Amino acid sequence: MSDLAKRIANLSPEQKQLFLQRLAEKRKEAPVSAGGEWPVRDPSQPTLLSFAQQQLWFMEQLQPGSPLNNLLGLFHMEGRLDVAVLEKSFKALVERHDALRTVFVERDGQPLQLISPSLTFKVSMTELRAVPEEGWEAEVRRLAKEEGSQPFDLTRGPLIRVRLLKLGEQSHMLVLTVHHIIFDWWSRAVLFRELAAFYDAFLEGRTPELPPLPIQYADYAHWQRQWLRGEVLENQLAYWREKLRGPPSMVELPTDRPRPAVRTSPGAYFNFELPRELSEALEALSRREGATVFMTLLAALKTLLFRYTQQTDVTTGNLIAGRGRRELEGLIGFFVNTLALRVDLSGAPSFRELLGRTRVACMEAFSHEELPFDQLVEALPLERDLSRSPLFQVMFIYQPRANTELKFSGFSLRGLYIGVETSRFDITLALESTEKGTVAGVWEYNTDLFDASTIARLAGHYERLLQAIAAHPEQRITELPLMTEGERRRVLVEWNDTRAEYPREKCVHELFEEQVERTPEAVALEYEGTQLTYRELNRRANLLARRLMRLGVGPEVRVGLCLERSVEMVVALLGTLKAGGAYVPLEPSLPRERLAYMMGDARAPVLLTQERLLETLPEQTGQVVCLDSGWGDIEREGGGEENVRGGARADN
7 MSDLAKRIAN LSPEQKQLFL QRLAEKRKEA PVSAGGEWPV RDPSQPTLLS FAQQQLWFME
67 QLQPGSPLNN LLGLFHMEGR LDVAVLEKSF KALVERHDAL RTVFVERDGQ PLQLISPSLT
127 FKVSMTELRA VPEEGWEAEV RRLAKEEGSQ PFDLTRGPLI RVRLLKLGEQ SHMLVLTVHH
187 IIFDWWSRAV LFRELAAFYD AFLEGRTPEL PPLPIQYADY AHWQRQWLRG EVLENQLAYW
247 REKLRGPPSM VELPTDRPRP AVRTSPGAYF NFELPRELSE ALEALSRREG ATVFMTLLAA
307 LKTLLFRYTQ QTDVTTGNLI AGRGRRELEG LIGFFVNTLA LRVDLSGAPS FRELLGRTRV
367 ACMEAFSHEE LPFDQLVEAL PLERDLSRSP LFQVMFIYQP RANTELKFSG FSLRGLYIGV
427 ETSRFDITLA LESTEKGTVA GVWEYNTDLF DASTIARLAG HYERLLQAIA AHPEQRITEL
487 PLMTEGERRR VLVEWNDTRA EYPREKCVHE LFEEQVERTP EAVALEYEGT QLTYRELNRR
547 ANLLARRLMR LGVGPEVRVG LCLERSVEMV VALLGTLKAG GAYVPLEPSL PRERLAYMMG
607 DARAPVLLTQ ERLLETLPEQ TGQVVCLDSG WGDIEREGGG EENVRGGARA DN
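Read left to right, the sequence shown gives residues 7 to 658 (this note's numbering).
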């Protein structure tokens with residue numbers, strides 16, 4: 007256990023909460039350099055990209071024009087909207103944030119970001135008032151996805167597009183598309199907060215009163231390049247190399263289809279919202295345990311993955327804002343980073359104990375969050391697998407208290423989930439705490455691996471697990487209930503209701519003979535390239551039955567069957583039943599002593615087997631018939647076309 011883990015373990019729940027708060031404050035107040043000042047950047051010179059930007063830039067070179075890195079948002083604007091003022095407000099935003107005026111060029115093989123002094127920006131408008139009301143939603147989503155699929159030119163800009171869809175005088179849809187290289191979804195809150203301030207001021211004819219930005223994104227990128235090197239970089243790498251030593255196991259979720267040899271990204275989504283009572287109970291549990299809601303929901307997800315896979319070494323990807331310092335909170339830009347959080351679930355811990363392990367893992371990781379994920383992947387000795395993402399296959403995202411509705415002068419703006427058609431990982435669980443006091447979220451999943459019904463069932467299991475966790479956090483994670491009440495009834499009652507009417511006076515081989523009469527030429531048996539029709543299988547079984555009857559087999563007489571999986575095995579089953587006997591299955595791979603005991607206990611006078619198994623069998627006192635090497639003798643019995651009547655009845 008690390009020193010940090012020992013310190014946290016000895017704290018009371020109240021002390022743990024205070025520790026989390028103070029650690030967060032300390033991170034925000036930490037100096038950015040030895041002198042506590044941002045390093046000076048020459049604004050007249052191009053700047054290197056941040057590490058996260060550089061990775062996206064390389065992706066763009068590999069797939070030029072791909073919309074995979076376009077961030078798309080859809081927002082409903084209800085009320086009186088002044089389009090001219092809205093466009094003026096967006097222009098003010100672009101002027102305020104250098105990131106929105108940034109383009110990317112290559113010089114001597116090195117990508118650089120250039121900040122344009124000015125940028126032409128327009129809000130485009132599309133009239134949809136002629137579309138019937140019942141067709142609005144489908145047309146809006148079609149146009150939004152069409153807008154989001156249009157590529158950006160990183161060398162020219164702008165890398166932000168705004169399109170208005172006019173549904174009526176009091177109703178508009180705003181489609182926002184931004185390239186990820188200058189924007190993340192935490193930037194969205196900054197954008198709309200400041201957009202509202204600009205819009206309201208311009209509408210009222212006054213000067214907007216926004217505090218000047220302490221730095222710009224290019225300053226952050228310049229600082230990151232100066233700071234994350236040498237001893238600082240080595241300390242970060244040393245922690246993650248130790249934490250991910252092993253390396254972590256791949257999470258082997260059961261899929262509906264085989265995994266493609268090369269990773270694909272077609273996606274779909276499933277929305278859900280937890281009841282308010284459950285959301286509040288989880289928040290209360292988190293407070294009692296000195297954890298955050300993020301940690302509780304993450305520990306529950308790891309429990310779910312453990313229950314599905316029985317793997318106790320579970321690593322998930324976790325998206326963090328990357329804005330640990332106060333100067334970065336009000337900036338638009340690409341700060342987000344990914345952490346690989348590895349938690350040990352061995353020993354069947356209680357959920358309370360697992361939450362403690364998760365809390366320690368999170369706190370340690372958050373104190374080493376500056377290392378870009380792509381640098382971490384490059385530094386680890388990972389075995390490359392083109393079919394999977396490195397280190398983890400399941401991503402977890404949590405945002406506290408998302409403001410889904412903003413008030414502007416004259417109208418309100420509410421975010422809508424547009425849905426996805428791609429999935430970067432096998433599964434992504436994205437959650438947020440809403441202003442209603444609930445936890446809402448979406449499961450995004452790879453449709454090459456999973457069906458919609460599978461993900462719906464997974465989501466139901468997660469909610470059922472959370473209900474049990476909130477009620478009984480002391481319960482072991484191996485014992486927490488997973489199935490919903492409807493699912494339990496289906497498994498225990500409906501699926502067990504297997505009663506069916508059948509001719510009780512007939513034996514299995516007689517029912518088989520009736521099927522032979524109905525479909526004599528249909529394929530009845532296929533094994534390793536060999537096919538037998540119903541007629542041929544019945545003929546062989548009749549031949550074997552005649553040989554067995556000649557050897558004394560009849561009603562109540564047992565026949566030993568020691569055969570490998572083969573055509574002969576099925577012939578032996580039917581032939582024994584036709585002769586009136588009962589078969590005793592003997593597994594060839596069992597030890598010789600075990601087989602000797604079973605055959606002696608069964609007192610079977612005849613053993614059906616294969617030539618290659620004879621040397622592994624114990625010494626026999628009864629008749630041994632080899633169905634492969636001795637089949638010629640059985641064929642000479644004749645009479646295969648006529649069904650045998652061995653005399654056994656249904657009550658034998």
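Don't be surprised by glycine CBs; every beta carbon is placed ideally from N, CA and C.
All of these numbers come straight from a predicted model, not from anything done at the bench.
Grab me the residues of R482's own chain with a C-beta within less than 6 Å of its C-beta, minus the 5 sequence neighbours each way, in chain order.
Numbered from 1 along the sequence shown, position 476 holds the residue referred to as residue 482. Closer than 6 Å at the Cβ level, and outside the excluded window around R482, lie A354 and S356.
Along the chain, where does the beta strand (DSSP E) containing V168 start, and where does it finish?
Counting from one through the sequence shown, the residue named residue 168 turns up at place 162. V168 -> beta strand (DSSP E) spans I166 to G174.
If you count every other CB in all the chains shown that lies within 10 Å of the CB of V497, and 16 or more means buried, which is it?
Working through the sequence shown from its first residue, we reach residue 497 at position 491. Counting Cβ neighbours within 10 Å, V497 comes out exposed, since fewer than 16 surround it.
Limits of the unbroken beta strand (DSSP E) element including T108:
Walking along the sequence shown from the start, residue 108 turns up at place 102. It spans T108 to R113 - the beta strand (DSSP E) in which T108 sits, taken as one unbroken run.
Expressed to the nearest angstrom, what Euclidean distance is found between the alpha-carbon atoms of F198 and E485?
Here residue 198 corresponds to residue number 192 of the sequence shown, with the count starting at 1. Here residue 485 corresponds to residue number 479 of the sequence shown, with the count starting at 1. Distance between the alpha carbons of F198 and E485 is about 45 Å.
Looking only at DSSP bridge pairs, what is H82 linked to?
Walking along the sequence shown from the start, residue 82 turns up at place 76. In DSSP, H82 forms a bridge with M179 and R420.
What number of angstroms, rounded off, separates the C-alpha of Y314 from the C-alpha of K308?
Your numbering for residue 314 matches position 308 in the sequence shown. Your numbering for residue 308 matches position 302 in the sequence shown. Computed Cα separation, rounded: 10 Å.
C-alpha gap between K34 and A136, whole angstroms
In the sequence shown, counting from the first residue as 1, residue 34 sits at position 28. In the sequence shown, counting from the first residue as 1, residue 136 sits at position 130. Residue confidence is low: K34 scores 45 on pLDDT, short of 50, so the model does not pin down where it sits. Its coordinate-derived value is still stated next. Between K34 and A136, the C-alpha separation is close to 51 Å.
Per DSSP, what are the beta-bridge partners of M131 in this structure?
One-based indexing of the sequence shown puts residue 131 at position 125. DSSP lists L170 as partners of M131.
Using only alpha-carbon positions, find the residue among V89, R86, A585 and L382 that is nearest to G652.
The sequence position of residue 652 within the sequence shown is 646, counting from 1. Ranking the options by Cα distance to G652, first place goes to A585.
Using DSSP with H/G/I as helix, E/B as strand and the rest coil, what is V38?
As a position in the sequence shown, residue 38 is number 32, starting the count at 1. Summary for V38: the model assigns pLDDT 46, below 50, so the residue's position carries little reliability; its value from the coordinates is reported in the next sentence. V38 falls in the coil class under three-state DSSP.
Drop a sphere of 10 angstroms on the beta-carbon of F64, count the other beta-carbons inside from all chains shown, and report buried for 16 or more, exposed for fewer.
Walking along the sequence shown from the start, residue 64 turns up at place 58. F64 comes out exposed.
Residue from G606, D639, W637 and G638 whose Cα sits closest to the Cα of L623
The count along the sequence shown starts at 1 and reaches residue 623 at position 617. With distances taken between Cα atoms, L623 lies closest to G606.
Roughly how many angstroms separate the alpha carbons of C368 and A244, rounded to a whole number?
What you label residue 368 is simply residue 362 of the sequence shown in a count that begins at 1. What you label residue 244 is simply residue 238 of the sequence shown in a count that begins at 1. Cα to Cα, C368 sits roughly 17 Å from A244.
Which one or two residues does DSSP pair with A346 in a beta bridge?
Here residue 346 corresponds to residue number 340 of the sequence shown, with the count starting at 1. A346 is bridged to G323.
Quick check: P611 and R552, are their CB atoms within less than 9 Å of each other?
Mapped onto the sequence shown, residue 611 falls at position 605. Mapped onto the sequence shown, residue 552 falls at position 546. Not closer than 9 Å, so no.
Kindly indicate which three-state DSSP category Y508 falls into: helix, strand or coil?
Locating residue 508 in the sequence shown gives position 502, counting from the first residue. Reduced to three states, the DSSP call for Y508 is coil.
Roughly how many whole angstroms lie between the Cα atoms of L165 and S415?
In the sequence shown, residue 165 corresponds to position 159, counting from 1. In the sequence shown, residue 415 corresponds to position 409, counting from 1. Rounded to the nearest angstrom, the two C-alpha atoms are 27 Å apart.
Supposed close pair E438, Y404 - CB separation, criterion 8 Å
Indexing the sequence shown from 1 puts residue 438 at position 432. Indexing the sequence shown from 1 puts residue 404 at position 398. That pair is a contact at about 7 Å.
Boundaries of the beta strand (DSSP E) in which G606 is found, first to last residue
Start at 1 with the first residue of the sequence shown, and residue 606 comes out as number 600. Looking at the DSSP string, G606 is not in any beta strand (DSSP E); the run it does join, the alpha helix (DSSP H), is R598 to A608.
Looking at the structure shown, is I403 part of a helix, part of a strand, or coil, going by DSSP?
As a first step, residue 403 is located in the sequence shown; it is residue number 397 there, counting from the start. Reduced to three states, the DSSP call for I403 is strand.
How many Å lie between F81 and A476 at the Cα?
What you label residue 81 is simply residue 75 of the sequence shown in a count that begins at 1. What you label residue 476 is simply residue 470 of the sequence shown in a count that begins at 1. For the pair F81 and A476, the Cα-to-Cα distance works out to about 34 Å.
Status (buried if at least 16 other CB within 10 Å, exposed otherwise) for E641
Working through the sequence shown from its first residue, we reach residue 641 at position 635. Exposed, by the Cβ-count rule.
Please go through the same chain and pick out, in chain order, the residues whose beta-carbon is closer than 7 Å to the beta-carbon of D634, but skip the five residues on each side of it.
Residue mapping note: residue 634 aligns to position 628 of the sequence shown, counting from 1. E574, Q616 and E617.
Under 9 Å, do R470 and M489 count as touching if we go by C-beta distance?
By one-based count along the sequence shown, residue 470 stands at place 464. By one-based count along the sequence shown, residue 489 stands at place 483. Yes, the Cβ-Cβ distance between R470 and M489 is below 9 Å.
When the Cα of E215 is compared with those of A202, Y226, Y223 and A227, which residue comes out closest?
Translated into positions along the sequence shown, residue 215 becomes position 209. When the alpha-carbon of E215 is set against those of A202, Y226, Y223 and A227, the nearest one is in A202.
Under 8 Å from any heavy atom of the ligand MG, does the C-beta of W233 make it?
The model depicted lacks the ligand MG and carries no ligand whatsoever.
K442 in three-state terms, based on DSSP
As a working mapping, residue 442 is identified with position 436 in the sequence shown. Three-state result, K442: coil.
Tell me whether W233 sits in a helix, a strand or coil according to DSSP, three-state version.
Working through the sequence shown from its first residue, we reach residue 233 at position 227. Three-state DSSP puts W233 in a helix.
Count the other CB atoms, across all protein chains shown, that sit within 10 Å of the CB of P378; report buried if there are 16 or more and exposed otherwise.
Taking the first residue of the sequence shown as 1, we reach residue 378 at position 372. Buried, because 16 or more other Cβ atoms sit within 10 Å of the Cβ of P378.
Pick from T261, R169, L455 and L334: whose alpha carbon is nearest that of S193?
Against the sequence shown, residue 193 aligns to sequence position 187. Answer by Cα proximity: L334.
Inspect the CB distances between the region 216-230 and the region 333-348 and report whether three or more fall short of 8 Å.
yes
What is the rounded straight-line gap between the Cα of R420 and the Cα of V400?
Taking the sequence shown and counting its residues from 1, one reaches residue 420 at position 414. Taking the sequence shown and counting its residues from 1, one reaches residue 400 at position 394. For R420 and V400, the distance between alpha carbons rounds to 29 Å.
Report buried or exposed for L68, applying the criterion of at least 16 other Cβ atoms within 10 angstroms of its Cβ.
On the sequence shown, residue 68 is found 62 positions in, with the first residue counted as 1. The residue in question, L68, is exposed, as its Cβ has fewer than 16 Cβ neighbours within 10 Å.
For my contact list, L250 and A371 are in at a C-beta cut-off of 8 Å; report their separation, rounded to the angstrom.
To locate residue 250, count along the sequence shown from 1; it is residue 244. To locate residue 371, count along the sequence shown from 1; it is residue 365. Actually they do not touch by this definition, with Cβ atoms about 11 Å apart.
In terms of residues, what are the limits of the alpha helix (DSSP H) holding I640?
Taking the sequence shown and counting its residues from 1, one reaches residue 640 at position 634. Per DSSP, I640 belongs to the alpha helix (DSSP H) from W637 to E641.
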